[in-house]
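Here is the structure we will look at, set down as structure tokens.
Protein chains: 2
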Amino acid sequence: MDMLWSGWGDPAKAAPLPDAVTGLLRDLLGVTPRVGGPAVLEEIAVPACPLTDAARAALTGCVGEAQVLTDAESRVRHTRGKSTPDLLRIRAGEVDDVPGAVVLPGSHDEVAAVLRACAQHTVSVVPFGGGTSVVGGLAPEGKRPFVALDLRRLDALLALDDVSRTATVQPGLRAPECERLLNERGWTLGHFPQSFEWASIGGFAAARSSGQASAGYGRFDEMVLGLTLATPEGVLVLGRAPRSAAGPDLRQLVLGSEGALGVITSVTVRIRPLPTSRIYEGWRFESFEAGAAALRRLAQDGPRPTVLRLSDETETFVGLAQPDGIGGSATGQSAGCMAIAGYEGTAADTADRRARARRVLLASGGEYAGEEPGDRWAHGRYNAPYLRDALLDAGAFAETLETAAFWSALPALYERVRRALTTTLTESGTPPLVMCHVSHVYENGASLYFTVVSAQGEDPVAHWAPAKRAANEAILAAGGTISHHHGVGTDHRDWYEREIGPVGVRALQALKAELDPAGVLSPGVLVPVR
Amino acid sequence: MDMLWSGWGDPAKAAPLPDAVTGLLRDLLGVTPRVGGPAVLEEIAVPACPLTDAARAALTGCVGEAQVLTDAESRVRHTRGKSTPDLLRIRAGEVDDVPGAVVLPGSHDEVAAVLRACAQHTVSVVPFGGGTSVVGGLAPEGKRPFVALDLRRLDALLALDDVSRTATVQPGLRAPECERLLNERGWTLGHFPQSFEWASIGGFAAARSSGQASAGYGRFDEMVLGLTLATPEGVLVLGRAPRSAAGPDLRQLVLGSEGALGVITSVTVRIRPLPTSRIYEGWRFESFEAGAAALRRLAQDGPRPTVLRLSDETETFVGLAQPDGIGGSATGQSAGCMAIAGYEGTAADTADRRARARRVLLASGGEYAGEEPGDRWAHGRYNAPYLRDALLDAGAFAETLETAAFWSALPALYERVRRALTTTLTESGTPPLVMCHVSHVYENGASLYFTVVSAQGEDPVAHWAPAKRAANEAILAAGGTISHHHGVGTDHRDWYEREIGPVGVRALQALKAELDPAGVLSPGVLVPVR
């Protein structure tokens with residue numbers, strides 16, 4: 004099944020907004036219904052394939068004629084990713100970023116051959132896993148023709164070592180299928196980002212994804228033990244041990260490289276026993292500050308829940324702490340901030356950690372809210388992107404952004420980003436609702452995940468741009484990182500440059516020049532073209 | 004106090020071998036007493052300082068005349084590191100690797116100025132922390148003059164954030180002083196490698212050190228949250244959050260770079276509350292295999308002790324499981340393999356983990372051996388390098404090497420390395436004693452640490468070389484990494500090249516060329532000069 008071309012996910016799962024939300028949008032944010040629907044896929048004017056006959060022949064030579072798609076629908080379906088501006092533009096029929104072709108390699112060797120062919124014919128190439136980038140990771144810069152390298156045929160579980168507890172998988176394997184293959188054998192990967200239903204293993208690695216159960220299972224980059232990277236100049240095979248002192252950790256150079264240094268063709272990940280017990284529960288705190296202090300205590304001194312998140316007052320009020328129940332809370336839930344704590348493991352382990360965490364949460368001023376908020380969160384955990392589609396349909400604008408910092412920097416980071424978003428959008432005539440939650444915790448810091456909802460305004464893409472810029476400036480000024488789990492892409496690149504400084508940028512450009520001398524790999528994604 | 008120039012550590016702590024060991028060496032290995040002592044420091048013929056007047060003036064301009072040392076003793080004391088061949092060569096008065104001068108910068112800016120001056124005058128520069136490298140990390144290749152950049156003046160605790168639990172320290176701070184500064188404030192770094200008494204924070208970072216309590220506190224590279232790197236082309240400041248999706252993790256590129264990409268001028272590390280309870284205990288297993296299975300269970304399913312190590316039958320028999328008691332066990336300890344489990348934390352936490360680990364260890368066939376073996380291990384934990392000096396004095400050869408791999412690869416790795424060492428040294432007429440322990444554990448694998456003792460033979464440096472080469476070949480063939488915690492240096496470089504392959508080497512060379520275009524930073528350390 005293909006993802007909805009103009010939105011998110013399985014079209015059958017689309018759900019209209021509850022009346023309470025429609026009323027809230029109108030009364031609170033002045034949202035007025037949109038006039039006219041999105042463009043019709045079949046009617047979009049897609050430019051002719053810009054590849055030369057020689058380039059096309061070379062690609063066909065690598066993967067076979069059937070695996071080089073140049074039809075309009077395939078190309079539209081590989082245009083950009085799933086950020087809100089991406090969706091608004093594709094809904095408007097804007098396909099200026101359309102790839103010249105979609106190429107579907109069936110092996111590492113075919114990937115390597117395609118990269119060499121692209122280098123030879125100076126055709127850019129953008130790896131495409133689940134197509135879920137929300138940071139412009141799929142939109143190369145410049146006017147040079149490019150192909151989308153769709154990795155869906157590379158979807159095998161290659162090896163499973165149940166002594167070492169590792170699995171080696173191909174990059175095009177989607178997360179649900181990966182879980183299914185592991186679950187059948189008694190294992191789990193434990194990586195459940197909001198994009199879970201569509202995202203691929205290669206994408207998790209290339210963008211340093213982090214999942215909702217990262218408190219227990221870790222980030223994806225912490226799960227990766229080995230990697231194979233195809234580059235135009237040859238292959239890089241990494242990971243002979245979990246940890247090593249043999250030089251810099253080159254795995255950590257591939258992780259987060261977003262297709263700019265090569266194409267990941269296999270990933271060895273750590274796996275864990277499939278949990279037999281899963282409990283999610285809610286805890287209510289008087290304030291975001293009090294809740295954050297409680298989360299910090301658990302992150303620093305344990306016990307560590309598997310899932311741990313905390314919504315601020317606004318997000319709790321609106322009900323986004325449990326996306327399934329959005330709007331419900333506006334009609335009478337009590338105030339404060341809702342945290343979700345989840346425990347996965349054996350029955351004995353979850354009971355033990357839960358009991359010990361309960362003591363810490365009570366001592367930190369938490370009020371137990373029962374399993375119902377946890378169950379609602381778990382049930383609705385992948386629903387937010389569907390909700391966004393419904394909001395866009397209703398004439399609202401909705402987007403998310405995220406960052407991370409050390410614990411002591413979080414309060415100012417929270418305030419500055421909220422203020423930047425609120426001030427910018429209010430000044431441009433669409434006062435927003437800005438919500439936030441602590442989405443991932445570490446001993447030394449945490450991430451903040453913001454959701455912004457407002458009226459769309461005249462031109463919603465142009466409308467959002469200054470607010471996003473202001474948020475990025477606020478993040479840098481407050482000492483945060485420009486992305487905790489979405490990645491850099493072309494959207495964050497200018498701020499990423501400032502985050503790592505000119506020497507960092509030069510280092511990455513030098514690496515890229517060595518591995519990709521023709522500069523065909525996702526140009527402009529991650530670092531500027533030199 | 005300076006380290007013993009011709010050996011290890013505080014000269015006052017030198018101790019002769021127990022008679023039992025001398026007897027064992029003679030009877031088992033055919034060790035005969037050495038004739039004549041080491042060279043006399045004052046009599047070593049040190050070549051004149053090879054720096055041009057212009058280069059010397061430039062260095063003096065950077066740090067002041069008093070901080071550029073060219074006297075023979077200072078230069079000898081900065082010649083090579085502390086591997087056994089290093090010691091044998093310096094004892095023989097061989098100073099062909101002597102630096103032209105020792106430069107002692109007092110700030111990041113002075114380090115940066117020295118690097119620029121060295122680039123301008125084409126003088127190589129080798130950072131020098133504790134001087135404890137055992138892999139040739141302090142011996143640059145080629146005949147070009149070089150200076151040792153001794154970082155001892157950069158020894159401050161710059162900042163401590165007790166909310167985020169981070170400390171920022173300068174690279175020349177030695178580990179004991181770092182612990183003292185943190186302990187005074189109620190914190191610990193928790194990094195206790197065997198080189199603890201002399202090694203520096205910068206060295207830990209540059210070489211990806213791992214300490215004896217890594218099961219609980221993690222490796223040094225896992226402790227690092229931020230870094231400042233001075234390069235001839237400018238500064239790299241990294242680490243705005245514990246974890247980030249903003250591109251590749253460039254911190255992990257600096258960690259393990261061994262001075263080849265720049266000089267680390269500050270490190271932000273995570274800190275933990277100073278433990279109020281410390282318990283170390285012994286566990287005896289029937290075989291190395293049974294013991295390793297028990298360690299794997301703890302590493303994979305918990306609870307995780309703070310210290311966890313397992314000696315093989317030979318090491319247990321010889322008594323190296325507790326270096327303080329070497330030789331003692333040969334006179335009657337029971338057979339099997341000794342594991343040490345240690346618990347550090349609050350009294351409640353250590354008691355809880357210890358009780359739960361006890362159940363796992365008993366269920367895995369372990370026999371509790373009481374706290375005495377643990378206390379002896381803890382008491383003697385930094386003594387092995389002193390013991391090596393005594394062994395060298397007694398005419399024996401003693402050296403260590405280490406590797407790591409995934410759990411399923413460990414049995415073959417263990418066998419192949421042992422066989423390689425035993426066969427090579429036996430064939431060359433000095434049958435060795437080869438001992439091993441599991442020194443660090445992870446969910447997905449572990450490290451193996453080998454100790455080799457034999458007679459010295461005619462020319463002990465030449466004697467060891469083929470054995471070391473054979474061990475390196477065995478490590479690569481069995482799928483291990485060429486170093487788990489000692490680093491690459493010039494000693495492992497040729498095997499490191501094969502470990503990361505030609506594309507990996509080119510990537511690092513390209514990085515180096517960008518950050519160090521004159522090629523003055525530790526040339527030949529880590530990667531070959533391009």
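Which chain is which? The protein sequence lines are A and X, in order. To convert a position in the first sequence, counted from 1, into our numbering, add 3. To convert a position in the second sequence, counted from 1, into our numbering, add 3. Don't be surprised by glycine CBs; every beta carbon is placed ideally from N, CA and C.
Presumed contact (8 Å Cβ cut-off) between residue i and residue j, rounded CB distance
i                      : j                      : result
residue 78 of chain X  : residue 101 of chain X : 5 Å
residue 288 of chain A : residue 342 of chain A : 6 Å
residue 191 of chain A : residue 185 of chain A : 6 Å
residue 53 of chain A  : residue 9 of chain A   : That pair is no contact at about 23 Å.
residue 219 of chain X : residue 193 of chain X : 7 Å
residue 399 of chain A : residue 481 of chain A : Actually they do not touch by this definition, with Cβ atoms about 28 Å apart.
residue 129 of chain A : residue 118 of chain A : Contact flag wrong, Cβ pair sits at about 12 Å.
residue 239 of chain X : residue 221 of chain X : Incorrect: roughly 23 Å between the Cβ atoms, too far for contact.
residue 377 of chain X : residue 277 of chain X : Residue 377 of chain X to residue 277 of chain X, Cβ: 20 Å. No contact.
residue 86 of chain X  : residue 137 of chain X : 4 Å
residue 492 of chain A : residue 134 of chain A : Not really, about 13 Å apart at Cβ, beyond 8 Å.
residue 5 of chain X   : residue 80 of chain X  : 6 Å
Chain A within 8 Å of residue i, Cβ atoms only
i                      : result
residue 540 of chain X : With chain X running from 4 to 533 in the structure shown, residue 540 of chain X is simply not present.
residue 409 of chain X : yes
residue 43 of chain X  : no
residue 215 of chain X : no
residue 506 of chain X : yes
Chain X contact for residue i (CB, 8 Å cutoff)
i                      : result
residue 234 of chain A : yes
residue 485 of chain A : yes
residue 502 of chain A : yes
residue 517 of chain A : yes
residue 514 of chain A : yes
residue 238 of chain A : yes
residue 259 of chain A : yes
residue 247 of chain A : yes
residue 222 of chain A : yes
residue 524 of chain A : no
residue 62 of chain A  : no
residue 179 of chain A : no
residue 251 of chain A : yes
Proximal residues to residue i (C-beta, below 7 Å), its chain only, five neighbours per side dropped
i                      : result
residue 447 of chain A : 409 and 410
residue 295 of chain X : 313, 413 and 441
residue 181 of chain X : 172, 192 and 204
residue 360 of chain X : 301, 306, 308 and 344
residue 464 of chain A : 88, 91 and 92
Beta-carbon proximity list for residue i, same chain, < 8 Å, skipping 5 on both sides
i                      : result
residue 431 of chain A : 460, 466, 469 and 470
residue 302 of chain X : 218, 311, 444, 445, 446 and 449
6 Å CB neighbourhood of residue i in its chain, flanking five on each side removed
i                      : result
residue 421 of chain X : 437
residue 224 of chain A : 211 and 258
Check your understanding: Quick one, which residues of the region 487 to 499 of chain X are near chain A if we go by CB-CB under 8 Å, in chain order?
Key -> 487, 488, 489, 490, 491, 495 and 499
Check your understanding: Got a sec: which bits of the region 416 to 449 of chain A sit with their beta carbon under 7 Å from any beta carbon on chain X, in order along the chain?
Key -> 445, 446, 447 and 448
Check your understanding: Three or more beta-carbon pairs under 8 Å between the region 403 to 414 of chain X and the region 164 to 180 of chain A, yes or no?
Key -> yes
**Study point:** Any 3 or more C-beta pairs closer than 8 Å across the region 371 to 381 of chain X and the region 212 to 231 of chain A
**Key:** no
Exercise for review: Flag this pair as touching only if the region 314 to 323 of chain A and the region 352 to 359 of chain A have three or more C-beta atom pairs under 8 Å; answer yes or no.
Suggested key: no
Practice item. Report the residues of the region 349 to 378 of chain X with a CB closer than 8 Å to any CB of chain A, ordered along the chain. Key: none
Practice item. Below 7 Å between beta carbons is the criterion; list the residues of the region 182 to 208 of chain X that meet it against any residue of chain A, in chain order. Key: none
Point to revise | Members of the region 75 to 86 of chain X that neighbour chain A once the beta carbon cut-off is set at 8 Å | key: none
Point to revise | Residues from the region 143 to 172 of chain X in contact with chain A, defined by Cβ distance under 9 Å | key: 164, 165, 166, 167, 168 and 169
Exercise for review: Would you check if the region 511 to 530 of chain X and the region 513 to 530 of chain A touch, i.e. whether three or more CB-CB distances between them fall below 8 Å?
Suggested key: yes
Check your understanding: Does the region 16 to 30 of chain X come close enough to the region 153 to 163 of chain A to have 3 or more Cβ pairs within less than 8 Å?
Key -> no
Check your understanding: Can you list, in chain order, the residues of the region 272 to 291 of chain A whose Cβ is nearer than 7 Å to any Cβ on chain X?
Key -> 273
Point to revise | Any 3 or more C-beta pairs closer than 8 Å across the region 104 to 111 of chain A and the region 480 to 496 of chain A | key: no
Check your understanding: Going along the region 83 to 112 of chain X in order, which residues come within less than 7 Å of chain A, judged by CB to CB distance?
Key -> none
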